[in-house]
Every structure is written in structure tokens, then in C-alpha cells.
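The structure appears below as C-alpha cells.
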Amino acid sequence: MSRDPGTPRLLRRLNDRAALELLLGDGPLTRAELGERTGLSKVTAGQLLARLEDRGLVEVAGERAGGRGPHAALYAVVPSSAYVAGLEVLPDSLTVGVADITGRVVVEITLNPADGRDPVKAVHAAVRRACDAANVSLSRLRAFVIGTRGVVDPITGDVRLSVDLPSWHVGVLASLRETLGASVTIENDVNLVALAEHKYGAAAGFDDFVVIWAGVGQGLGVMLGGRLHRGITGGAGEIGWLPVPGEPLPSDVRRPQSGSFQRLVGHDALRGLAEEHGVPGVTVPDLVRGGDEGYLDAVAARLAVGAAAVTVVLDPGLIVLSGEIGRAGGARLAAKVEEAVARVCPSRPTVVTTRVAGNPVLRGALAAALEQAREQVFSDTV
């Protein structure tokens, strides 16, 4: 009976991937510890580590004392074995982060694009500058994820509609890949926030949840069964356009502030609400952060309109408030939104504020890029 000659190779690849993931999550580890956690014998674990050392993916990172014998070598993933980049694109700024394969961010810079009308040129210049600052060659980037406002086609990966960034259109992705390589991916910014919350924030351990982004614009990130839900055309989550009773319907979708829910909870609306309540403040986040109970109740009631609509359709169980308003309102606002939703919905989702530190779009972009890079690097060890 013949054996499949590819089977041993496949098993080695699977064992290598499992070992690398363990070293990333729990390392450094000794050979014995790695064997125990993977179920491999000491001999097989030693062969695996030798193979990964030869590939430049694993190195000895210290020693662990134990018993009377010699100290056991500790093995860890080589941080410089691969790098990734993430980028957040806004109308007046580009923020770039570069991380090594372990996820450690080695540089983060924010630039004002010299020519916002040419996204390819602006992105290339920003990434090159970040790589120079990190002393990392551009050619060593194994994955690059760009977070941008707008609707991204889930099939082609192109930006299908971006009101705030009109120069980001169909064809930009192909040009970026010609310039930076085939690993470039564009993703909706709030989808990346959902990824960041799932990996680092309030939704860690939850496979079904939504992120409501409340800020200059309104957005929704949906995670179902541990996967982002983008919709057939990439338009899932454009909650700013949600029809709201008492608010006019948009007459032109090219006007970013014309959506009904956007009119209800956008900055202009919340400033007007603050004037009605006599709340002092300069910026909307300041108004929400320093607002009295009456003002926060009114803000929560407006946010609950969108949260309730999402709840009766998806029943996510967990809603994370993010963006400037969600972050500024904190636990007080989240609790009030939860109560307001419960009054009008048959199910009561838990509502919490974001727990992602730093720039959530950038952290999500780097998380997505790391997942892609590890799939490439860790699957090619044999």
C-alpha cells in the first residue's frame, strides 16, 4: 500500500506552525516545554526547533535554570524575521506603523500628505519614511494593510465609495500593489477597529459583537462567528445612513453629513443638544466628557436609536462604543446606552466602552497585517 509522500511534509508544517504560535503567545519556551505543549517527543521537538533555527525564524533567547543539570535553552521567535505595516488614511493626515513579526511596534509616525490628490504617491512616501525611521528595508514588509473611510468592495478589494477621500477610487489598489507589492490590502477603518477590539480590547473572547463608532462620522463594525461581516458590496456598517424617524432622508449620498442617523448624533447635532442643556465646552468630546446627567441621558438616547436597530436585526450580545464620543463618554455613557436600548428592545445587549489603547484603526490594521504575514512566513517552513 503506497503512502502519500506529502503527508510527513504537511505534518511537519502543521507542527512548525503550532510551535511558532505557541512561542509567540507563551514564549520563550524550552525544548521540553514546547514538546509538552504540542504533544511532540523531545526528539521531534528538537528537530523542529533546529529546522526553524535554520530558517531564521527561531533563536535561543536565554536560559532557564533547573535541577542539577545544565541550564535549558529558551527559544523565541526572531522578531526581525519579518515586518508588517499598517496605515490609517484621513483627509488631512496619514499615520503609519511598522511592527515586527511578534507584534511589537517599532515605529509610528503621522504625516500631513504633501499631495492628497495622489494617494499612491502619498502612501508610498509615508511608508518609506516610516521604514527609514525604523531602519527596516521596504522589501522586508510581508504585509501592508490600509484603513480608510468608505466602502471597500470585498471581492476586488478596491474602494468603491469614499465621500471624504474622493481620490481613493477603483484602481488605487492596483497602483499601490505595483508600487509596494502584492501584499497591500485596503480595509474599512471601522472594520479594523472591530478587529482591534476582538484581539486587544473589550471584545476579546467574543465572536459575536458590534462596534459603534461615534465621532466625526458614524460607522459600525460587525463580527459574527469570529469573522468580519462586510456585506455583499462592502456596505455593511454604514450606519450613518440609517433612517431615523423625525430626521430627513438624504437626497444625495455624496454629502457625508446628510444621513439621518448622522444628523441625529453627528458633531453639529450634539453641539446643538449641549446648548439646549446649557453644557459648556469647546469640542464635542469635551461636551460629552464633562456633560451633566441630563445631557448624557439625551446623548445616550440618540445613540440608542442606532444601537437598538442593530440589536433587533443582529442580536449581537455585546456592543462596544468607540470613536471620539464613545471614548469620551466612557463607562457612564455606555451604561446609559445599555439602559436606553433595553427599554425598546426585547433583548438587552451589554454595552461597554472601547478598551483599545492608542490608535484603534492603526492597531487593527497591524493586527490584520500580522495575521497575513504569519500565514505566509509560518506556512513556509519545510
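With full-length UniProt numbering, the residue at position 230 of the sequence shown is 230, and numbering never jumps.
Don't be surprised by glycine CBs; every beta carbon is placed ideally from N, CA and C.
The structure displayed is predicted, hence computed values, not measured ones.
Tell me, please, whether the CB atom of Asp132 is closer than 8 Å to any CB atom in chain D? Note that chain D does not occur in the displayed structure, where there is just one protein chain.
Nearest residue (CA-CA) to Ala65, options Asp207, Phe206, Asn359, Leu74: Leu74
Let me check one thing: in DSSP terms, what residues is Val60 bridge-paired to? Tyr75
Hey, Ala365 and Gly86: beta-carbon distance below 8 Å or not? Yes; because the gap between Cβ atoms is below 8 Å, this pair is in contact.
Contact the segment 205-215 vs the segment 310-327: 3+ CB pairs below 8 Å: yes
Residues that Asp100 bridges to, as DSSP identifies them: Tyr83
According to the neighbour-count rule (16 or more other Cβ atoms, all chains shown, within 10 Å of its Cβ), is Ile146 buried or exposed? buried
Does the distance from the C-beta atom of residue 384 to that of Val341 stay below 8 Å? The question about residue 384 has no answer here: the residues shown for the chain are numbered 1 through 382.
Spatially closest choice to Val123 from Trp168, Gly326, Ala335, by CA coordinates: Checked all of Trp168, Gly326, Ala335; the closest Cα to Val123 is Trp168.
Starting from Ile109, trace the beta strand (DSSP E) both ways and give me its first and last residue. In the DSSP assignment, Ile109 falls within the unbroken beta strand (DSSP E) covering 105-111.
Given this structure, state the Cα-to-Cα distance separating Gly229 from Gly235, to the nearest angstrom. As written in the sequence, residue 229 is His, which differs from the Gly given in the question. One C-alpha to the other measures close to 10 Å.
With respect to the beta strand (DSSP E) encompassing Leu40, which residues constitute its N-terminal and C-terminal limits? First-last for Leu40: undefined, no H or E at that position.
Measuring CB atoms only, is the segment 273-282 touching the segment 290-309, in the sense that at least three cross pairs come out at less than 8 Å? yes
How would you write the range of the alpha helix (DSSP H) that Thr156 sits in, first residue to last? Note, Thr156: premise wrong, no alpha helix (DSSP H); not H, not E.
Looking at the structure shown, is Ala214 part of a helix, part of a strand, or coil, going by DSSP? strand
According to the Cβ coordinates, are Asp164 and Arg149 closer than 8 Å? yes
Counting only runs of 3+ residues fully inside the segment 110-194, write out the beta strand (DSSP E) ranges in chain order. 141-148, 159-161, 184-188
In its own chain, which residues sit with a C-beta less than 8 Å from the C-beta of Leu138, not counting the 5 before and 5 after it? So the list reads Val127, Arg128, Cys131, Leu180, once near-sequence residues are dropped.
According to DSSP, is Arg227 helix, strand or coil? strand
When the distance is taken between beta carbons, is Glu59 closer than 8 Å to Ala76? Contact: yes.
Cβ neighbour criterion (16 or more within 10 Å) applied to Ile155: exposed
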